[in-house]
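Read the structure below first, then the notes.
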Amino acid sequence: MGDEKDLGDIVLSWSIQQIADDDLYRGKVETIPCNFKSLEHYLESYRAPLIEETRSDLCSCLELINEAPSSKILSMEVAGKSGLYYMDVDFWDNGAGFSAEAYTARNGDIFILSSSKPGAVEDLNRYGVTYCLAMVTEVSLDDEYQKGFRVKVAKDIGSEEDLSKLRHAIFLNNIMTNKRIWQALSFDTEMDSNFRVIKSLLAPTNLGEDVCGICVKQDEGCLPSLTEQLLSKLNQSQVDAVESVISAVRCRHRNLMKLIWGPPGTGKTKTVSALLWALACVKCRTLTCAPTNVAVVGVCTRFLEILKDFREHIEENALPFSLGDVLLFGNKYNMDITEDLQEVFLDFRVDELVECFSSLSGWKYRMASMVSFFDDCASLYDMLLDDDDEKSDPVSFLDFVKKQFDVTAVALERCIVNLCVHLPRSKFSHDSVTNISTLFNMLKKFGTLLCDVNLTDEGLKRGLGCLSTENSVCPQSSIEKELDEARSVCLKLLKDLQHSLNLPTGVDNNWVQRYCMRNATLLFCTTSSSYRLHHMEIAPLDVLIVDEAAQVRECELVIPLRLHWLKHVVLVGDDCQLSAMVKSQVCKEAGFGTSLFGRLVMLKFEKHLLNIQYRMNPWISLFPNAQFYERKILDGSNVLSPSYNKDYTCLPFGSYTFINVTDGREDREGAGNSRRNMVEVAVVLHLIQTIFRCWKSTGQRLSVGVVSPYSSQVDTIKGKLGKKYDTCDGFHVRVKSVDGFQGEEDDIIILSTVRSNGRGIVGFLADNQRTNVALTRAKHCLWIVGNSHTLYKSGTVWTDLVADAQRRKCVFNATNDATICKLVLQVKQELDQLDDLLNADSAVFSNTRWKVIVSDEFRKSFTKLKSSQLRREILQK
1 MGDEKDLGDI
11 VLSWSIQQIA
21 DDDLYRGKVE
31 TIPCNFKSLE
41 HYLESYRAPL
51 IEETRSDLCS
61 CLELINEAPS
71 SKILSMEVAG
81 KSGLYYMDVD
91 FWDNGAGFSA
101 EAYTARNGDI
111 FILSSSKPGA
121 VEDLNRYGVT
131 YCLAMVTEVS
141 LDDEYQKGFR
151 VKVAKDIGSE
161 EDLSKLRHAI
171 FLNNIMTNKR
181 IWQALSFDTE
191 MDSNFRVIKS
201 LLAPTNLGED
211 VCGICVKQDE
221 GCLPSLTEQL
231 LSKLNQSQVD
241 AVESVISAVR
251 CRHRNLMKLI
261 WGPPGTGKTK
271 TVSALLWALA
281 CVKCRTLTCA
291 PTNVAVVGVC
301 TRFLEILKDF
311 REHIEENALP
321 FSLGDVLLFG
331 NKYNMDITED
341 LQEVFLDFRV
351 DELVECFSSL
361 SGWKYRMASM
371 VSFFDDCASL
381 YDMLLDDDDE
391 KSDPVSFLDF
401 VKKQFDVTAV
411 ALERCIVNLC
421 VHLPRSKFSH
431 DSVTNISTLF
441 NMLKKFGTLL
451 CDVNLTDEGL
461 KRGLGCLSTE
471 NSVCPQSSIE
481 KELDEARSVC
491 LKLLKDLQHS
501 LNLPTGVDNN
511 WVQRYCMRNA
521 TLLFCTTSSS
531 YRLHHMEIAP
541 LDVLIVDEAA
551 QVRECELVIP
561 LRLHWLKHVV
571 LVGDDCQLSA
581 MVKSQVCKEA
591 GFGTSLFGRL
601 VMLKFEKHLL
611 NIQYRMNPWI
621 SLFPNAQFYE
631 RKILDGSNVL
641 SPSYNKDYTC
651 LPFGSYTFIN
661 VTDGREDREG
671 AGNSRRNMVE
681 VAVVLHLIQT
691 IFRCWKSTGQ
701 RLSVGVVSPY
711 SSQVDTIKGK
721 LGKKYDTCDG
731 FHVRVKSVDG
741 FQGEEDDIII
751 LSTVRSNGRG
761 IVGFLADNQR
771 TNVALTRAKH
781 CLWIVGNSHT
791 LYKSGTVWTD
801 LVADAQRRKC
811 VFNATNDATI
821 CKLVLQVKQE
831 LDQLDDLLNA
841 DSAVFSNTRW
851 KVIVSDEFRK
861 SFTKLKSSQL
871 RREILQK
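Numbering (the UniProt record's numbering), first residue to last: 1 to 877.
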């Protein structure tokens with residue numbers, strides 16, 4: 001492995017057969033240990049698994065090649081070095097399996113270039129078909145439709161004649177994150193070579209130790225009163241977590257690691273936001289990372305909400321609140337940037353500041369225009385009259401001044417406000433802040449004076465110093481004096497600011513981008529995007545906070561852990577919930593999905609528990625608290641209040657119910673491994689309709705989440721549901737996989753477990769972490785739809801769940817509901833599964849007064865009937 005130079009080169013060297021070979025790296029991937037002998041051992045341990053996981057990702061994409069975005073290749077031209085080409089393509093066909101938004105090429109995209117468009121991966125191995133793998137290395141920024149880019153192919157791929165046969169480009173996957181990890185695992189790279197934190201993690205023994213004795217004495221009373229006021233809104237476990245971290249990061253003698261354990265609903269994101277505020281108050285430059293765009297946007301949004309809550313407590317001299325110390329960056333196409341987030345998002349901030357720094361429209365130009373207005377508006381008016389000689393009714397001097405003032409002042413104020421919002425307040429001296437505030441007040445006063453009904457053209461000219469008052473018949477009025485005074489004050493303030501503001505002018509986008517990165521105190525991005533900071537000349541970072549840390553593969557964390565002079569790390573997460581997704585079975589066996597958080601927990605590293613949950617009705621939290629958290633979690637006063645569930649009493653099932661559906665049949669849709677259960681689909685849709693009818697009578701806002709571990713079940717429910725409730729304002733339904741619901745919550749959760757068989761086989765439903773996530777998303781009601789016999793017989797966590805539900809009398813048998821029984825019969829008829837109903841516990845017959853005793857001979861004869869219509873008629877009779 002050590003001889004490999006670049007992950008991209010390794011990928012491009014593969015054939016389709018090698019990508020599809022699950023044993024290609026089996027002998028090269030070793031189990032990743034909990035302790036490492038050296039830094040070299042640590043970095044090397046992740047290289048082979050990373051290659052294998054990249055192969056497995058591409059293999060999964062190959063299986064869906066008929067649904068992938070594709071385009072015709074218009075041209076390929078050699079681009080200098082061997083293996084590099086400029087490629088132009090036609091418009092992209094988005095592909096049936098891709099997202100609704102149009103596909104756009106990105107650096108790190110892997111394509112298959114082929115002489116014919118394959119309908120399946122096997123087509124690439126047919127006689128006469130030429131293909132190769134290609135990787136996008138540069139996308140043309142000038143190309144609006146992103147149809148032109150530079151690609152790299154393997155140097156030994158073939159002759160120019162072979163390449164000329166390539167006519168189609170099919171997108172497989174993007175490997176940019178894995179390429180960045182690969183570089184982070186290498187010594188010979190352009191990244192910062194700060195391994196201090198990583199070296200302390202090789203074989204950690206006493207990392208839980210708090211600050212040293214020297215820093216303990218300096219630490220007393222370090223938090224500002226405003227931060228203490230924020231801490232008063234937290235519970236004691238949250239306060240302890242924040243104070244523990246603040247004490248640790250103020251220590252300059254050690255690299256300290258802190259783990260904050262945040263089970264579902266315990267205010268993990270709120271605690272992180274409070275911690276960020278406290279770190280900003282003690283002037284710690286902090287990078288906050290998360291594994292996904294959704295997660296990092298979530299923690300940044302929550303932090304901004306806290307800032308808004310505290311604006312009223314901050315003396316800002318009537319100026320807009322500065323957000324220049326807060327910066328969110330990443331791929332804008334993958335991030336849901338709301339209006340509230342725009343002001344801290346790098347791309348938007350750069351656009352605003354480039355305009356503010358422009359030589360032709362920036363702050364210097366705006367101030368000079370305002371000075372020119374106050375100094376010389378009479379001359380400007382005379383020029384206007386000269387140009388409009390032929391007009392019989394020229395504009396009055398007063399109207400001209402009003403219009404010029406409005407245009408000039410509004411443009412100036414907008415520019416300064418943008419500077420105040422997007423630059424750190426440290427860029428403005430105390431005197432400058434005072435002058436800006438005073439200037440805004442005086443400009444407002446001047447505008448008000450211009451609207452005085454008693455003001456005439458001649459009076460305005462005297463007030464602006466355009467006419468001498470010595471020989472005037474009329475003495476200067478009070479309004480004229482106020483105008484003259486306001487004008488003089490504005491001029492002085494403007495000229496002072498012109499000299500005192502040390503801000504750039506005439507700079508381009510790239511310069512402003514680096515400027516923003518360099519000056520922000522709190523930065524937010526994904527762990528992968530933190531790679532960009534390695535190539536920026538920024539001041540050293542003091543603290544790295546990783547949210548959802550239990551979901552990040554440890555090797556991915558190496559990217560931010562190597563950042564320049566990083567001193568302290570705070571990992572926030574829950575190792576009892578889902579870990580990072582790993583596709584390769586070889587990598588799963590090697591422990592590649594284990595996070596740094598998880599590894600430290602395995603080494604008995606101390607983690608600070610947030611121990612009060614504020615999300616779930618106590619009936620919902622009872623089982624997961626006992627099963628996964630050793631009953632360490634307390635219910636918050638809000639969920640214990642009788643009013644917490646008052647709007648849900650009209651629903652047919654309680655806060656926590658297991659709906660036992662015995663007539664379902666699990667089946668595979670298509671060639672994949674994912675399962676679905678059409679009877680459960682019908683029951684779920686019935687439950688949603690029932691909730692909807694209750695909601696219409698209340699008018700309260702209500703969110704319903706439908707969760708299932710199987711993507712096929714999710715897709716089927718989505719398809720049946722369609723857009724039925726999309727236009728219902730206040731009633732929101734979403735359907736997701738369990739993995740896709742981590743970190744989310746809804747008022748009511750319907751969990752479809754799918755598995756229904758006599759052997760108790762439940763597959764990956766047995767995973768404790770996945771089950772924990774599924775059971776902890778609901779706030780008010782959790783309804784679990786499943787086959788109690790199958791789940792109880794599994795010998796997994798579901799055995800305990802069914803037994804617990806039975807003890808608590810929370811099991812509802814679907815056979816007791818006439819409507820559900822009719823649904824079952826209807827679904828069975830549609831699927832030609834009526835022979836299932838001959839079982840003694842069938843929902844259709846269980847509540848009849850009479851019983852049907854079916855002999856084995858009749859059952860065999862019935863199932864052999866060729867006519868499904870005849871079978872239906874027999875059952876109906």
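Here a beta-carbon is modelled for each residue, glycine too, at the ideal position from N, C-alpha and C.
Beta-carbon proximity check, residue i vs residue j, cutoff 8 Å
| i | j | result |
| --- | --- | --- |
| Ser396 | Asp457 | yes |
| Asp336 | Val297 | yes |
| Val706 | Val735 | yes |
| His168 | Ser82 | no |
| Asp747 | His789 | no |
| residue 881 | Arg414 | Residue 881 lies beyond the range of the chain shown here (1 to 877); nothing can be said about it. |
| Lys179 | Gly330 | no |
| Ser237 | Asn611 | yes |
| Arg562 | Ile538 | no |
| Ala550 | Ser584 | no |
Own chain partners of residue i with C-beta closer than 6 Å, once the 5 adjacent residues on each side are dropped
| i | result |
| --- | --- |
| Val151 | Tyr85, Met87, Ala134 and Val136 |
| Ser273 | Arg302, Phe303 and Ile306 |
Residue i CB to nearest heavy atom of the ligand ADP below 7 Å
| i | result |
| --- | --- |
| Pro642 | What this structure holds is no ligand at all, so the ligand ADP is not there to describe. |
Exposure of residue i, with buried meaning 16 or more beta-carbon neighbours within 10 Å
| i | result |
| --- | --- |
| Trp798 | buried |
| Met602 | exposed |
| Glu228 | exposed |
| Trp182 | buried |
| Lys866 | No answer about Lys866 holds up, because its pLDDT of 48 lies below 50 and its placement is not dependable. |
| Leu201 | buried |
| Asp109 | buried |
| Ile51 | buried |
| Phe605 | buried |
| Val854 | Residue placement at Val854 is poorly supported in this model, since its pLDDT is 48, which falls under 50; the coordinates still yield a value, given next. Exposed is the call here. |
| Phe858 | Confidence is the limiting factor: at Phe858 the pLDDT is only 49, short of 50, which leaves the residue's position unreliable and the question unanswerable from this model. |
| Arg807 | exposed |
| Arg849 | Bear in mind that the predicted position of Arg849 carries a pLDDT of just 48, short of 50, making it unreliable; the figure below should be weighed with that in mind. Arg849 is exposed by the Cβ-count criterion. |
| Met678 | buried |
Counterpart residues of residue i in DSSP-defined beta bridges
| i | result |
| --- | --- |
| Ala778 | Asp746 |
| Cys132 | Leu113 |
| Gly786 | Asn660 |
| Met76 | Met87 |
| Gly573 | Trp261 |
| Gly447 | According to DSSP, which records beta bridges pairwise, Gly447 is partnered with nothing at all. |
| Gly705 | Arg734 and Ile749 |
| Thr286 | Leu522 and Val543 |
| Ser71 | Ala169 |
| Ser674 | Looking at the DSSP assignment, Ser674 forms no beta bridge with any residue, so it has no partner. |
| Gly148 | Asp88 |
| Glu666 | Asn677 |
| Glu138 | Arg150 |
| Tyr326 | According to the sequence shown, residue 326 is Val rather than Tyr. Leu522. |
Spatial neighbours of residue i in its chain, beta-carbon cut-off 8 Å, leaving aside the 5 residues before and after
| i | result |
| --- | --- |
| Glu30 | Ser45, Ala48 and Ala590 |
| Glu438 | Residue identity differs from the one stated: residue 438 is Thr in this sequence, not Glu. Cβ within range, chain order: Val489 and Leu493. |
| Ser115 | Gly128, Val129, Thr130, Tyr131, Lys165, Leu166, Arg167 and His168 |
| Ser359 | Tyr365, Thr505 and Gly506 |
| Trp363 | Cys356, Phe357, Cys415, Ile416, Leu419, Leu501, Leu503 and Thr505 |
| Ile479 | Leu449, Asp452, Asn454, Leu455, Gly459 and Gly463 |
I want to know whether the region 394–414 touches the region 368–379 - three or more CB-CB distances under 8 Å.
Counting Cβ pairs under 8 Å, three or more are found: they touch.
Determine, using beta-carbon pairs with one atom in the region 538–551 and one in the region 173–180, whether at least three such pairs fall under 8 Å.
Contact between the region 538–551 and the region 173–180 is absent, because fewer than three Cβ pairs lie under 8 Å.
Do the region 248–262 and the region 592–611 touch if we need at least three Cβ pairs shorter than 8 Å?
Yes, since at least three Cβ pairs between the region 248–262 and the region 592–611 fall closer than 8 Å, the two stretches touch.
Okay, do the region 721–736 and the region 763–770 touch, 3+ Cβ pairs below 8 Å being the bar?
Not touching, per the Cβ criterion.
Would you check if there are 3 or more beta carbon pairs closer than 8 Å linking the region 522–531 to the region 17–35?
At 8 Å Cβ cutoff, the stretches do not touch.
Are the region 800–812 and the region 696–712 touching, with three or more C-beta to C-beta distances below 8 Å?
Touching, no.
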